[in-house]
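Enquirer: Provided herewith is a single structure, encoded as structure tokens, for subsequent inquiry.
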Amino acid sequence: MTVGTRWPIRGQRRRCSLLVALAASGIAAVAAGHGFEVDGIATEWLDRGPPADNLGLIARDAAGEGEFIWRDRVGDERTDLARPDGELDLVEVRVAGGRALGQPGLGILIRTHAAPGPDAQFQIAIDLDRGLGSGRAWLVAEADTRVAEDARWEHLLQTRFGECPDAVCSARIWHATGFSFDDTALASRGEDGIEVFVPWSSLDLGAPPQHPLRFTVASLRADLDQRTVDLGGPDVSNAIDVVSDGGRPAAARVNTWTEVADQCIDHHFDVFFDRADGEVYPPLLIDRLVTDRSPGGGGPWIAVFNQSPLELLLEGYQIGDEETVGGDEGMARFPISTIRSLDRAVVAWRASRFRSAFGRRPDFELMGSDPAVPNLAAVPSWASGAVELSSAGDEVLLLDRWNTIVDAVSYGEGRFSGVVPHTPPGRGRLLLR
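Position one of the sequence shown corresponds to residue 180 (my numbering), numbered consecutively onward.
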């Protein structure tokens with residue numbers, strides 16, 4: 180099923196205080212792009228972060244600069260080599276587009292619990308096409324660790340600080356085609372972590388990609404030859420820490436071994452980049468919402484908008500009013516469907532109520548009232564209740580299929596970190612991006 184609707188809106192237009200993008204169509208704010216110094220100092224990175232451990236967030240500032248930000252739980256690293264092993268205990272991973280030394284490309288910031296020494300190695304697998312069967316599965320340097328089948332990489336970044344005493348070092352880019360490599364990336368260990376820059380040209384891209392890139396991230400210990408330190412033979416992963424929620428978003432006790440015991444890093448994340456300036460952006464947005472339960476309002480209902488140039492697979496995206504993982508409000512997952520570029524999809528609380536108000540069916544509903552309208556399914560791993568949208572105040576979160584928070588809105592009594600709550604829309608009104 181492909182959704183995508185344009186329909187009349189009643190009521191006064193109100194501006195939303197939303198988390199990420201800045202207008203109703205396309206990416207409204209054009210940034211010059213992050214300027215990377217590649218010095219391990221985070222001055223050029225945003226002062227934002229996810230609200231809990233083992234969660235990702237897409238953030239954009241008023242200038243249009245955007246980042247993917249992952250917050251990893253402290254102390255979840257494997258302790259095969261040291262107890263604790265803070266130099267390899269991932270705390271945060273950030274991804275953004277921008278420029279360094281006059282070249283456009285990809286920037287990555289990795290923070291660990293303790294300052295990493297020269298034998299700390301980081302590998303970032305980059306999947307260009309997200310296709311099954313294409314690319315390589317195994318990390319390099321005898322890591323005995325592979326990525327998921329739907330994240331097989333075309334390019335892989337490997338830091339090699341042990342062979343470079345300088346402040347800024349070359350980093351190796353491995354290419355799946357011909358299993359070749361070059362040293363055209365830059366990496367630095369600084370006071371705020373590991374900072375890496377990769378020109379788009381090193382990824383066989385002439386410009387920021389139209390399609391999202393898929394990332395898998397691991398930290399490992401390296402020997403003098405920059406091979407990974409073995410932790411138990413060829414059947415045991417050498418990864419010390421990885422970006423993963425272990426299948427349980429924001430879980431407090433998930434350890435890296437949970438993820439790599441089968442030698443596979445199943446978790447990965449997708450990042451969209453603006454073709455104009457390379458800035459990270461969310462492909463799907465909360466576009467408008469109504470809390471009015473009166474007959475004329477047809478609510479509650481929420482519309483999402485595909486601001487990307489691509490037709491998006493909605494399956495796995497989630498929307499709800501629970502801002503805290505494990506809370507008693509609601510989170511619901513979209514069924515198999517797609518949404519065309521620059522179109523909206525309407526999620527109504529009850530399709531029958533929406534149809535009575537507007538004379539047409541919504542694209543989806545939360546409470547089964549019309550067999551012709553697909554239902555969203557509850558997500559018990561995130562929330563235990565139902566999506567309700569309180570008229571006095573609430574939050575609405577939009578997540579992708581890896582639980583990355585791509586957009587959020589709050590109003591009235593609702594609170595979400597980094598979002599200024601709007602006045603509740605009230606009867607006969609809507610919040611509109």
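Every residue gets a Cβ at the ideal spot worked out from N, C-alpha and C, and that includes glycine.
1. Assign G277 to one of two classes, buried (16 or more other C-beta atoms within 10 Å of its C-beta) or exposed (fewer than that).
2. So, under 8 Å CB-CB, A527 and L555 are touching, yes? Tell me the CB distance rounded to an integer number of Å.
3. Which two residues bound the contiguous alpha helix (DSSP H) that contains W436?
4. Assuming L609 contacts R519 (C-beta within less than 8 Å), just tell me the rounded distance between them.
5. For R368, count neighbouring Cβ atoms within 10 angstroms of its own Cβ and tell me buried if that reaches 16, exposed if not.
6. Where does the unbroken alpha helix (DSSP H) through R532 begin, and where does it stop?
7. Identify, in the order they occur along the chain, each residue of the same chain with its Cβ nearer than 8 Å to the Cβ of A320, setting aside the five sequence neighbours on each side.
8. So what's L285 in DSSP terms, helix, strand or just coil?
9. Quick one: does the C-beta of D471 sit closer than 7 Å to a heavy atom of the ligand MG?
10. Please classify Q389: is it buried, with 16 or more other beta-carbons within 10 angstroms of its beta-carbon, or exposed?
11. I237: buried (16+ other C-beta within 10 angstroms of its C-beta) or exposed?
12. Could you tell me the distance, in whole angstroms, from the CA atom of F543 to the CA atom of F358?
13. Terminal residues of the continuous beta strand (DSSP E) containing C348?
14. Tell me, please, which residues DSSP counts as bridged to T395.
15. Under three-state DSSP, which class holds L382?
16. Find the nearest neighbour of A346 within the set C443, G426, G265, V217, judged by alpha-carbon distance.
17. Figure out for me which residue from L492, G310, L285, D456 has the closest Cα to the Cα of V141.
18. Would you call the stretch 484–502 and the stretch 456–464 in contact, with 3 or more CB pairs under 8 Å?
19. Applying the criterion that 16 or more other CB atoms from any shown protein chain within 10 Å of the CB defines a buried residue, is A231 buried or exposed?
20. If you count every other CB in all the chains shown that lies within 10 Å of the CB of L280, and 16 or more means buried, which is it?
21. Please state whether DSSP places D329 in a helix, a strand or coil.
22. From what residue to what residue does the beta strand (DSSP E) around Y496 run?
23. Classify F358 as helix, strand or coil using the three-state DSSP reduction.
24. Between the C-alpha atoms of M180 and P295, what's the straight-line distance to the nearest angstrom?
25. Can you tell me whether V575 is buried or exposed? The criterion is at least 16 other CB atoms within 10 Å of its CB, across all chains shown.
26. Between P604, A482, L521, which lies nearest to L545 when the distance is taken from Cα to Cα?
27. Less than 8 Å between the CB atoms is what I'm expecting for R252 and P229, so what's the real figure, rounded?
28. Put E342 into one of helix, strand or coil per three-state DSSP.
29. Which of the three DSSP states, helix, strand or coil, is assigned to E266?
Expert: The structure says:
1. By the neighbour-count rule (16 or more Cβ atoms within 10 Å), G277 is buried.
2. No, A527 and L555 are not in contact; Cβ-Cβ is about 10 Å, not under 8 Å.
3. Run containing W436: 435–439, per the alpha helix (DSSP H) assignment.
4. With 8 Å as the limit, L609 and R519 do not qualify as a contact, their Cβ atoms being about 22 Å apart.
5. It counts as buried.
6. Boundaries of the alpha helix (DSSP H) around R532: 530–537.
7. Cβ neighbours of A320 within its own chain (closer than 8 Å, five residues either side excluded): Q300, Q302, Q337, L399, A401, Q405, R406, T407.
8. If DSSP states are grouped into helix, strand and coil, L285 belongs with the strands.
9. The model on display carries no ligand, and the ligand MG is accordingly not part of it.
10. Q389 counts as exposed, since fewer than 16 other C-beta atoms from the protein chains shown sit within 10 angstroms of its C-beta.
11. Classification of I237: buried, given that the 10 Å Cβ count is 16 or more.
12. Going by the C-alpha atoms only, they are around 46 Å apart.
13. Taken as a continuous stretch (DSSP letters only), the beta strand (DSSP E) holding C348 covers 347–354.
14. T395 is bridged to A304.
15. L382 falls in the helix class under three-state DSSP.
16. Residue V217 is the option with its Cα nearest to A346.
17. Absent from the structure is residue 141, since the part of the chain shown begins at 180 and ends at 612.
18. With contact defined as three or more Cβ pairs closer than 8 Å, the stretch 484–502 and the stretch 456–464 are in contact.
19. Counting Cβ neighbours within 10 Å, A231 comes out buried, since at least 16 surround it.
20. Result: exposed.
21. In this structure, D329 counts as helix in the three-state DSSP scheme.
22. Annotation: Y496 is outside any beta strand (DSSP E) and is labelled neither H nor E by DSSP.
23. DSSP places F358 in helix when its eight states are reduced to three.
24. Each residue's alpha carbon lies about 49 Å from the other.
25. Under this definition V575 is a buried residue.
26. Nearest of P604, A482, L521 to L545, Cα basis: A482.
27. The Cβ separation is near 11 Å, so there is no contact.
28. Residue state for E342 is assigned as helix, using DSSP reduced to three classes.
29. Note: E266 maps to helix in three-state DSSP.
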